[in-house]
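Engineer: Below you will find the structure I want to go over with you.
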Amino acid sequence: MIPLSWYLFLSLILFTIGVLGVLIRRNAIVIFMCIELMLNSVNLALVGFSSYIGNEIGQMLVFFVLVVAAAEVSVGLAIIIAIFRNRLTVNIDEINLLKW
Amino acid sequence: MEERFIIELTQSLKNFLPEVSLTVTLSLVILLDLIFGRRFKNIGAFVSLAGLVVTLFFTIKQYGGSYQIFRGMFVVDPYSTFFKFVFLLSAFVIVIFSLQSYELRETSARRRIGEYYFFILSLTLGAFLMAGSVNLIMMYLSLELVSISSYILAGYIKESERSSEASMKYVIYGALSSGLMIYGISLVYGLTGELNIYAINASFLSSGYSPIVLMISLVLILAGFGYKISAVPFHYWTPDVYEGAPITVTAFLSVSSKAAGFAMLVRFLKASFIDRTITLGIEGAWAVIQGLPLTEIVAVLSALTMTVGNIIAIWQNNLKRMLAYSSIAHAGYILMGVVVMQNLGISAMLIYFLAYLFMNLGAFYCVMLVAEKTGSEDIEVYKGLGYRAPFLSIVFTIFLVSLTGIPPTFGFIGKLYLFSALINAKVIWLAVVGVLNSVVSLYYYIRVVRNMFLGDPESGKEPINFSPAHIVVMLILVIPTLLFGVYFTPIVNFAQISVAMFGLR
Amino acid sequence: MQILGIGILTWIVFLPIVAMIFVLLVPKGRETWIKWISVVATGLQVILAAVLLLNYRYDLAGVNTLEGFQFVEKYRWIDVSGVAWFGRIVIDYFLGVDGLSMPMVVLTALISFIGAIASWELPKTKGYYALYLLLDTGMMGVFVALDFFLFYIFWEVMLLPMYFLIGIWGGPRREYAAIKFFIYTLLGSVLMLLVMIGLYFSTSIIDPVTGEKVHTFNMLAMMDPKNYEPGSIFSGLHTTWRYIAYIALFIGFAIKVPIVPFHTWLPDAHVEAPTPISVILAGVLLKMGTYGMLRISFPIFPDGMIKYALPMAILGFINIVYGALAAMAQEDFKKLIAYSSISHMGYVVLGMAALNTQGVTGAIMQMFNHGTITAMLFLIVGVLYDRAHTRGLYEFGGLANQMPKYFGIVIIAFFAALGLPGLSGFISEAFVFLGAFQTYKWIAIFSATGVIITAGYILWTTQRLFFGQLPERWKNLPDINARELVTLVPLAIIVIFLGVYPSPLINLMNTSVNHLVKFVSEMGQAGMQLGILP
Numbered sequence: 008m009i010p011l012s013w014y015l016f017l018s019l020i021l022f023t024i025g026v027l028g029v030l031i032r033r034n035a036i037v038i039f040m041c042i043e044l045m046l047n048s049v050n051l052a053l054v055g056f057s058s059y060i061g062n063e064i065g066q067m068l069v070f071f072v073l074v075v076a077a078a079e080v081s082v083g084l085a086i087i088i089a090i091f092r093n094r095l096t097v098n099i100d101e102i103n104l105l106k107w
Numbered sequence: 027m028e029e030r031f032i033i034e035l036t037q038s039l040k041n042f043l044p045e046v047s048l049t050v051t052l053s054l055v056i057l058l059d060l061i062f063g064r065r066f067k068n069i070g071a072f073v074s075l076a077g078l079v080v081t082l083f084f085t086i087k088q089y090g091g092s093y094q095i096f097r098g099m100f101v102v103d104p105y106s107t108f109f110k111f112v113f114l115l116s117a118f119v120i121v122i123f124s125l126q127s128y129e130l131r132e133t134s135a136r137r138r139i140g141e142y143y144f145f146i147l148s149l150t151l152g153a154f155l156m157a158g159s160v161n162l163i164m165m166y167l168s169l170e171l172v173s174i175s176s177y178i179l180a181g182y183i184k185e186s187e188r189s190s191e192a193s194m195k196y197v198i199y200g201a202l203s204s205g206l207m208i209y210g211i212s213l214v215y216g217l218t219g220e221l222n223i224y225a226i227n228a229s230f231l232s233s234g235y236s237p238i239v240l241m242i243s244l245v246l247i248l249a250g251f252g253y254k255i256s257a258v259p260f261h262y263w264t265p266d267v268y269e270g271a272p273i274t275v276t277a278f279l280s281v282s283s284k285a286a287g288f289a290m291l292v293r294f295l296k297a298s299f300i301d302r303t304i305t306l307g308i309e310g311a312w313a314v315i316q317g318l319p320l321t322e323i324v325a326v327l328s329a330l331t332m333t334v335g336n337i338i339a340i341w342q343n344n345l346k347r348m349l350a351y352s353s354i355a356h357a358g359y360i361l362m363g364v365v366v367m368q369n370l371g372i373s374a375m376l377i378y379f380l381a382y383l384f385m386n387l388g389a390f391y392c393v394m395l396v397a398e399k400t401g402s403e404d405i406e407v408y409k410g411l412g413y414r415a416p417f418l419s420i421v422f423t424i425f426l427v428s429l430t431g432i433p434p435t436f437g438f439i440g441k442l443y444l445f446s447a448l449i450n451a452k453v454i455w456l457a458v459v460g461v462l463n464s465v466v467s468l469y470y471y472i473r474v475v476r477n478m479f480l481g482d483p484e485s486g487k488e489p490i491n492f493s494p495a496h497i498v499v500m501l502i503l504v505i506p507t508l509l510f511g512v513y514f515t516p517i518v519n520f521a522q523i524s525v526a527m528f529g530l531r
Numbered sequence: 216m217q218i219l220g221i222g223i224l225t226w227i228v229f230l231p232i233v234a235m236i237f238v239l240l241v242p243k244g245r246e247t248w249i250k251w252i253s254v255v256a257t258g259l260q261v262i263l264a265a266v267l268l269l270n271y272r273y274d275l276a277g278v279n280t281l282e283g284f285q286f287v288e289k290y291r292w293i294d295v296s297g298v299a300w301f302g303r304i305v306i307d308y309f310l311g312v313d314g315l316s317m318p319m320v321v322l323t324a325l326i327s328f329i330g331a332i333a334s335w336e337l338p339k340t341k342g343y344y345a346l347y348l349l350l351d352t353g354m355m356g357v358f359v360a361l362d363f364f365l366f367y368i369f370w371e372v373m374l375l376p377m378y379f380l381i382g383i384w385g386g387p388r389r390e391y392a393a394i395k396f397f398i399y400t401l402l403g404s405v406l407m408l409l410v411m412i413g414l415y416f417s418t419s420i421i422d423p424v425t426g427e428k429v430h431t432f433n434m435l436a437m438m439d440p441k442n443y444e445p446g447s448i449f450s451g452l453h454t455t456w457r458y459i460a461y462i463a464l465f466i467g468f469a470i471k472v473p474i475v476p477f478h479t480w481l482p483d484a485h486v487e488a489p490t491p492i493s494v495i496l497a498g499v500l501l502k503m504g505t506y507g508m509l510r511i512s513f514p515i516f517p518d519g520m521i522k523y524a525l526p527m528a529i530l531g532f533i534n535i536v537y538g539a540l541a542a543m544a545q546e547d548f549k550k551l552i553a554y555s556s557i558s559h560m561g562y563v564v565l566g567m568a569a570l571n572t573q574g575v576t577g578a579i580m581q582m583f584n585h586g587t588i589t590a591m592l593f594l595i596v597g598v599l600y601d602r603a604h605t606r607g608l609y610e611f612g613g614l615a616n617q618m619p620k621y622f623g624i625v626i627i628a629f630f631a632a633l634g635l636p637g638l639s640g641f642i643s644e645a646f647v648f649l650g651a652f653q654t655y656k657w658i659a660i661f662s663a664t665g666v667i668i669t670a671g672y673i674l675w676t677t678q679r680l681f682f683g684q685l686p687e688r689w690k691n692l693p694d695i696n697a698r699e700l701v702t703l704v705p706l707a708i709i710v711i712f713l714g715v716y717p718s719p720l721i722n723l724m725n726t727s728v729n730h731l732v733k734f735v736s737e738m739g740q741a742g743m744q745l746g747i748l749p
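Sequences listed follow chains A, B and C, in order.
Under my numbering, the first residue of the first sequence carries the number 8, and numbering increases by one thereafter.
Under my numbering, the first residue of the second sequence carries the number 27, and numbering increases by one thereafter.
Under my numbering, the first residue of the third sequence carries the number 216, and numbering increases by one thereafter.
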């Protein structure tokens, strides 16, 4: 039996990688991949907690998180396409009309 | 068993009529736009208006009751109903704005704009759900419904580089903070094994908790809320999105999305982190569970938010961007009502939202009209406007004065109540920060007024005329701003009754 | 006392607003109508003030007793029924006058009327008079309001019109001056707002209508220590919070007076404002600061007043001497008058700080007399500036023969300002020194140097303007005209009359001042003797 803390550490590591990726990477597509990573690490934690605590509410939330992640990413990709049509780039350093 | 479930479901649906009617309306909007959209460009707007009126009717019928539905997923109480009025009113006003918006007119020449109204309504629906959710799943879902609708709205004019850039930034910041929030939620779930906020509270009280883990998860969840209400340091998206998005959308986000965030934040804090075993001796005050410096966190957040918002706003030359920073500052003011953890503070917050609804929408409307006539939102085009468009300039001045919080305007009453709440709870330092911020804010609001009236009218510029429809909309927004500044009894009454939340003192 | 079923004080306060609505309705191209409407409205205000004066009872004190107030109007304005966690909210529309406010009401009516006439030639008539009348309502309201909330509303209502009046019709640096004025005064008033809210939560009275205990903004209730709820922030006497509140209120009012070091907005605002607005600013607005202290700070925080009386007297001294010295250094005529205002308001502060009958009487008299004298001075500057389009003192000379009638009027105003016996300025300064000498001997003596410096700059200015060689370019300056005389002569008559026979003014305030002094010193000392002092 693998203890809960292992799941949690894995989830924490994945989450951190995800957050750092969002903050550091410059390609919008990669950023969205990192967001997916964040959400999936949350799912891992939720499933871990759920089986540890012994109720199913956590696993229920996982489904909703999956759906939301899909929706968020589909909207995100649509916006990226809109941007690409205007600018021919998805590098967020070059998307800088609006500042200060 | 099954029968009881069905009975419960129908019971719940009966109390869910405002949301149902919104859902029906938004389906109708997309459907009718598909069928008639080519011939009647604005069919979506009129269907939306009709739907909002019907929803208003159901919401009024609901007012006063307090019960939970859908097995503790959702509550209907005066508090959520109050916010529903705010959302409805602002959606209604925004649809009218949109009918007159030049940006949308240009877009509608290229394609159908039914989806625009669809998303306005779906954002409103999300906000409705946010105001009433008592389960973290529902909270997360409704927050995402609002967020996703607003991402799309912000980028609605996809041909515009600014608009799509705004939407891009919005979606990245939004996804990041909702990711942080859901991680926080998972930690809370791990601590308690519950997702219903009342059950979470019960679990804290009965089986204890680790303050440090709770702190971490609270901070993570606050990141999600802070992003929604654009509190510093989660505000980075606000100026960019507000500047880039179409003005109607900016105005809508600044009121509805923010109000929804506050509605949920306060309910979450009050329901989850309250210690009912402690009585403070003050009527209407709630004690925070031990070991959690919630008051201090929110107070610092509030002071930071208003100070940063106000100080950066001073340097802005784009009016939309300036109003974005001003809306950050206003989030800070409103947070002052949360700090005190008392009903008085909540009622002050509600009063402030009503004031903010009128004055902020009004200010954005004026910016929109000027942008339409002059083609720019830059502060320079306001030079001499007082002589070219006197009526608009006077009305705009009233909105700005109200945003500053000078009597006799509604904005002053809002501030008065916020400061009263702070002083009553003896959080004097924050009140002092608040009033000093009001003085700072005067500087940038009055800069617009200065450009409009001071300085000589430039010769060779013809007067700007507005259609009666424009004037009527301005009057609809400016009359309450002045009237409730002088006679605010009904507003205060309404707000005080609306503080009541389901299952809480 | 009522006219058409509406109280006379309501009339005097809201008459300008009614006139403002008429002004806004006047069609384009009828500027003369606008001017006449405004002049008639402000003239009616003067008549109403005279009616008040004729019906005024000299034996009633007021200050902290409801029975002592006259022409009282009290109606329920805001009434929010209580909820479980928060009591009933009641705000009254509460007006009344006593000996402290009566001179100010008369002064405001008078100066507004004269200002309206003096504004005759200004451009953009409609906007100007609309704002002017709004300002008038605000000023009058401040002097008759007895509910703190109402007082605050009137206080703030003045800000925006004043901002526009300076900012649109002012001189070259008007934008800077206007925003400076606005920000300074707003800073002062937000401090006042916090104290007001604190007082609201600290005091509660039994509502006579319902018998419930309610918090109140009623100033009279705030003056009675019995009404303070135990444990509330301002309960007791001589507590730290009360001292802080007193200082906050003091700063709020001091900005308006202005007391050094909060005075820097004043020279800018006065110099840039158009003549009639300078007249209003110096004649009425500055008095609001000192009036606010007498009406609010002193009776509500007598403990703070007693504790900080000495610093206040010192500030008064600094004001007198600093203002006079700064005036001496000016080359701009209008700036000189502006600094002389600071100096003269110093006498008011000194007199109030003395807290005895002579001192406070002198202070209120000085408020009234400075109002009239300084109004004259600014009008005089305006007359010269309208003709010469410059205010540089060194550019003039020998005007006595060129403009003899003007010279005559100027001499009256100047001598009144320097405190020549026989003119009103002398009486009030004498009273202030009499009062101050009893309490603060040395400060009074040092302050007297201010009189000498004042004499210095006034006489020098007279010399520079009127004697010596008349420069070639001013050979065609016309003398003062009839409209300008209409504005100046009534003020000159008042100045001379009150200089020879001041008792009407003294009688007007005497009962109230005695009562105020007795009340404040007893209350303030009561706490000290009881040993509550930390």
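The beta carbon of each residue, even a glycine, is placed where N, CA and C say it ideally should be.
On a predicted model such as this, the values are computed, not experimentally measured, just so you know.
Using the three-state DSSP reduction, which class does Ser419 of chain C fall into: helix, strand or coil?
Structural biologist: Three-state result, Ser419 of chain C: strand.
Engineer: With distances taken from CA atoms, which of B:Leu320, B:Leu114, B:Tyr89, B:Ser168 is nearest Leu48 of chain B?
Structural biologist: Of B:Leu320, B:Leu114, B:Tyr89, B:Ser168, the residue nearest in Cα terms is B:Leu114.
Engineer: What is the DSSP secondary structure of Gln368 of chain B, counted as helix, strand or coil?
Structural biologist: Gln368 of chain B: strand per DSSP, three-state reduction.
Engineer: In angstroms, rounded to a whole number, what distance separates the CA positions of Ile454 of chain B and Gly460 of chain B?
Structural biologist: Their Cα atoms are separated by approximately 10 Å.
Engineer: Quick one: grab the DSSP three-state call for Gly607 of chain C.
Structural biologist: Three-state result, Gly607 of chain C: strand.
Engineer: Report the start-end ranges of each beta strand (DSSP E) in the region 614–675 of chain C that is 3 residues or longer and not cut off at the edges.
Structural biologist: Fully enclosed beta strand (DSSP E) runs of 3 or longer: not present.
Engineer: Measure from the alpha carbon of Tyr166 of chain B to the alpha carbon of each residue in B:Pro265, B:Tyr177, B:Gly152, then state which is nearest.
Structural biologist: Here the closest residue by C-alpha is B:Gly152.
Engineer: Is the beta carbon of Met194 of chain B sitting closer than 7 Å to the one on Ile90 of chain A?
Structural biologist: Yes. Within cutoff.
Engineer: Mapping DSSP to helix, strand and coil, what is Val278 of chain C?
Structural biologist: In the structure shown, Val278 of chain C sits in coil (DSSP, three-state: anything other than H, G, I, E or B).
Engineer: Thinking Gly353 of chain C and Phe369 of chain C are a contact (beta carbons under 8 Å), I'd like their distance in whole angstroms, please.
Structural biologist: About 5 Å; that satisfies the 8 Å criterion.
Engineer: Give the residues from the region 469–491 of chain B that approach chain C closer than 9 Å (Cβ to any Cβ), ordered along the chain.
Structural biologist: For the region 469–491 of chain B, which is checked against every Cβ of chain C, the residues closer than 9 Å are Tyr469, Ile472, Arg473, Val475, Arg476, Phe479, Leu480, Gly481.
Engineer: By how many angstroms is the C-alpha of Asp307 of chain C removed from the C-alpha of Asn433 of chain C?
Structural biologist: Between Asn433 of chain C and Asp307 of chain C, the C-alpha separation is close to 8 Å.
Engineer: Quick one, which of C:Gly446, C:Pro445, C:His430, C:Thr418 has its alpha-carbon nearest Asp439 of chain C's?
Structural biologist: Ranking C:Gly446, C:Pro445, C:His430, C:Thr418 by Cα distance to Asp439 of chain C puts C:Thr418 first.
Engineer: When the distance is taken between beta carbons, is Ile95 of chain B closer than 7 Å to Asn22 of chain B?
Structural biologist: Since the first residue shown for chain B is 27 and the last is 531, residue 22 of chain B is missing from the structure and cannot be characterised.
Engineer: Alpha carbon to alpha carbon, how far is Ile183 of chain B from Ile315 of chain B? Give it in angstroms, no decimals.
Structural biologist: One C-alpha to the other measures close to 47 Å.
Engineer: Rounded to the nearest angstrom, what separates Leu374 of chain C and Tyr413 of chain B at their Cα positions?
Structural biologist: C-alpha separation (whole angstroms): 21 Å.
Engineer: Since Leu310 of chain C sits in a beta bridge, which residues does DSSP pair it with?
Structural biologist: C:Glu288, C:Ala360.
Engineer: Under 7 Å, do Tyr215 of chain B and Phe56 of chain A count as touching if we go by C-beta distance?
Structural biologist: For Tyr215 of chain B and Phe56 of chain A, yes; Cβs fall inside 7 Å.
Engineer: Under 9 Å between beta-carbons, which chain C residues line up against Gly310 of chain B? List them in chain order, please.
Structural biologist: Neighbours of Gly310 of chain B on chain C, chain order: Val298, Ala299, Trp300, Phe301.
Engineer: Quick one: grab the DSSP three-state call for Ile9 of chain A.
Structural biologist: Ile9 of chain A: coil per DSSP, three-state reduction.
Engineer: What residues from chain B crowd round Glu79 of chain A, counting only those whose CB sits closer than 9 Å?
Structural biologist: Under the 9 Å cutoff, chain B gives Glu170, Ser173, Ile174, Tyr177, Val197, Gly200, Ala201, Ser204.
Engineer: Please list, in chain order, the chain B residues whose beta carbon lies closer than 7 Å to that of Glu371 of chain C.
Structural biologist: Going along chain B in sequence order, the residues near Glu371 of chain C (Cβ under 7 Å) are Ile432, Pro433.
Engineer: What residue from C:Gln285, C:Ser253, C:Leu281, C:Tyr273 has the CA that sits closest to Leu224 of chain C's CA?
Structural biologist: The residue with the shortest Cα to Cα distance from Leu224 of chain C is C:Gln285.
Engineer: Output needed in chain order: residues of the region 381–396 of chain C with a Cβ under 8 Å from some Cβ in chain B.
Structural biologist: Listed by position along the chain: Gly382, Ile383, Arg389, Glu390, Ala393, Ile394.
Engineer: With a threshold of 16 other CB atoms inside 10 Å of the CB of Asp351 of chain C, please say whether the residue is buried or exposed.
Structural biologist: The residue in question, Asp351 of chain C, is buried, as its Cβ has 16 or more Cβ neighbours within 10 Å.
Engineer: Measuring straight from C-alpha to C-alpha, what distance separates Leu509 of chain B and Ile405 of chain B?
Structural biologist: Computed Cα separation, rounded: 29 Å.
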